[in-house]
Amino acid sequence: MNTLIKDVQLEGKTTNILIQDNVFKTIGEVSNVKIDKTIDAKNKAIIPAFYNLHCHAGMNILRGYCEDLPLFDWLQNIWKREAELKAEDIYNGTRLAILEMIKSGTVFFADMYWHHKEIVRAVNDMGVRCDVGVCYMDRLSQMEKNENDDFIKNFSKENNPLITVSPAPHAIYTCSEELYRHCYELAKENSGFMQTHLAETISEVNDCEKNTRLTPVQYLNSLGVLDDKTIAAHCVHFTEKDAEIFAEKQSVAVHNPCSNMKLASGVFKIGLMKEKNVRMTLGTDGCSSNNNLSMIEEMKFASLLAKVSNQKPDILTAEQVFEMATINGAKAYNINAGKIMEGMLADCILVDLNNERMTPNYNTIYNIVYSADSSSIDTVICNGRVLMENHHVENEEEIIEIAKNYAKK
Ligand SMILES: [Zn+2]
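Note that the sequence shown covers residues 395 to 803 in the working numbering.
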């Protein structure tokens, strides 16, 4: 399959780009090739797509369900409601989440939730990439834990090469030492990756220090479960030593600014993380603590929050936060994407330069980070496949119609 993106702007210059199957084959003059599909990209700029490193996609069905509470009260409310959700609800919520992500330029998400078969089904249907994080907590029965284990062990890449399945111990306050060790071993025998929430709130840190005399990061390090495939969401309350451990282990910190602000969890220490060279990515978290899954908004909030909390306008530049949202996320999951370059996987966005938020276009990245919204994105391509064109995703009307009924119920 050869797709030609014609007359597109790449870093300010007009060019042609040939996608052969799932890679960027040629950037520049394309000749003597049979073209199967041509995308007229006049007045459009091509940029890498976004990688959302922390999400609970199925929670989209709970968007706006309960608001303005601190984390633990909020979790109690949400867990009650979640317990009533059935497999089909998770499928519908996840499809709505993926629709929203595609519309805002995201082609990959690291998910952490329940009913994993339904998540895989939704990801298959929608054509994006996903690390399906299989959630573990002490409160699961042994039977449920065994089912989780089997699901991870039996998942085969042959089903869909865009999906990995990984254990996701929820957090240190819901998972024992044994459970973390079990998940880590399971990760090493399977995808390699392990997701968790880490150092999200000050009470998590205080409790951990009281019980173990260690910070959450030092505690996980003492269990031997941190490495370059550990994906840790939030990482708000890091000490200098915590950041040094993360840098040494090459573990991946996911910054979730909207969720951290909304749940009043605290401010991610961008200066410290940069100084210690911690691998930093960006994620939206679940929709009920955000309340949307737009990586464009997440970039802007990350950058503004860093500027105001440090009173330093260049502490997190547009280019730096854009890298967190694109190539850093792809690299975290060993996906050879995140840049528009020959030989790399064809994940990209075409931005509409006629869109009012993109005009005038002195610098596409500045506009994307500080001005754009979903309406600025015209086309989304994942692994060479067009998932959205002219701002339309297949079946979007049906997905929205089904989701609407939940609030009525
Ligand atoms: Zn989360």
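Glycine included, each C-beta is placed from N, C-alpha and C at the ideal position. If you're wondering where the values come from, they're calculated on a predicted model, not measured in any experiment.
By the criterion of a C-beta distance shorter than 7 Å, K663 is surrounded in its chain by F632, once the five residues flanking it on both sides are discounted. Nearest in C-alpha terms to K419, of all of D772, G737, V745, is G737.
The C-beta distance from M674 to Q589 rounds to 16 Å, too long to meet the 8 Å contact threshold. With a cutoff of 8 Å on beta-carbon distance, T678 and E669 are scored as not near each other. Per DSSP, the continuous beta strand (DSSP E) segment holding C524 begins and ends at 523 to 530. For the 8 Å CB-CB criterion, L687 and E494 form a contact.
Proximity of the segment 787 to 794 to the segment 407 to 414 falls short of the contact definition, fewer than three beta-carbon pairs being nearer than 8 Å. Beta-bridge partners of D621 (DSSP): none assigned. Under the three-state reduction of DSSP output, V611 falls in the helix class. Burial state of Y578 is buried, judged by a 10 Å Cβ sphere holding 16 or more other Cβ atoms. By the C-beta density criterion, H448 is buried, having at least 16 other C-beta atoms within 10 angstroms. Taking a contact to require three or more Cβ pairs closer than 8 Å, the segment 494 to 504 and the segment 758 to 773 qualify as touching. Nearest to K438 by C-alpha distance, out of K604, H785, I546, E795, is H785.
Apart from sequence neighbours up to five positions away, the residues of its chain that approach V648 with a beta-carbon distance below 6 Å are L447, H448, A627, T675, G677, ordered along the chain. V559 places its beta carbon 8 Å or farther from that of D741.
Secondary structure within the segment 478 to 557: the alpha helix (DSSP H) runs of 4 or more consecutive residues, fully enclosed, are 481 to 497, 510 to 520, 536 to 548 (chain order).
Taken atom to atom, the span from the alpha-carbon of D467 to that of Y567 is near 15 Å.
In this structure, the C-beta of D679 approaches ligand 1 to less than 7 Å from one of its heavy atoms. Sequence-distant Cβ neighbours of Y800 in its own chain, meaning closer than 6 Å and more than five residues away, are I455.
Counting the other CB atoms within 10 Å of its CB gives G732 a total of 16 or more, which places it among the buried residues. L747 and N755 do touch by the CB rule: their CB atoms are close to 6 Å apart, below 8 Å.
According to the DSSP assignment, K701 belongs to the alpha helix (DSSP H) that extends over 689 to 704. Here the alpha carbons of V514 and K551 stand approximately 12 Å from one another. Residue environment for T595: buried (at least 16 other C-beta atoms within 10 angstroms of its C-beta). If you look at P651, you'll find it isn't in any beta strand (DSSP E); it sits in the alpha helix (DSSP H) that goes 651 to 656.
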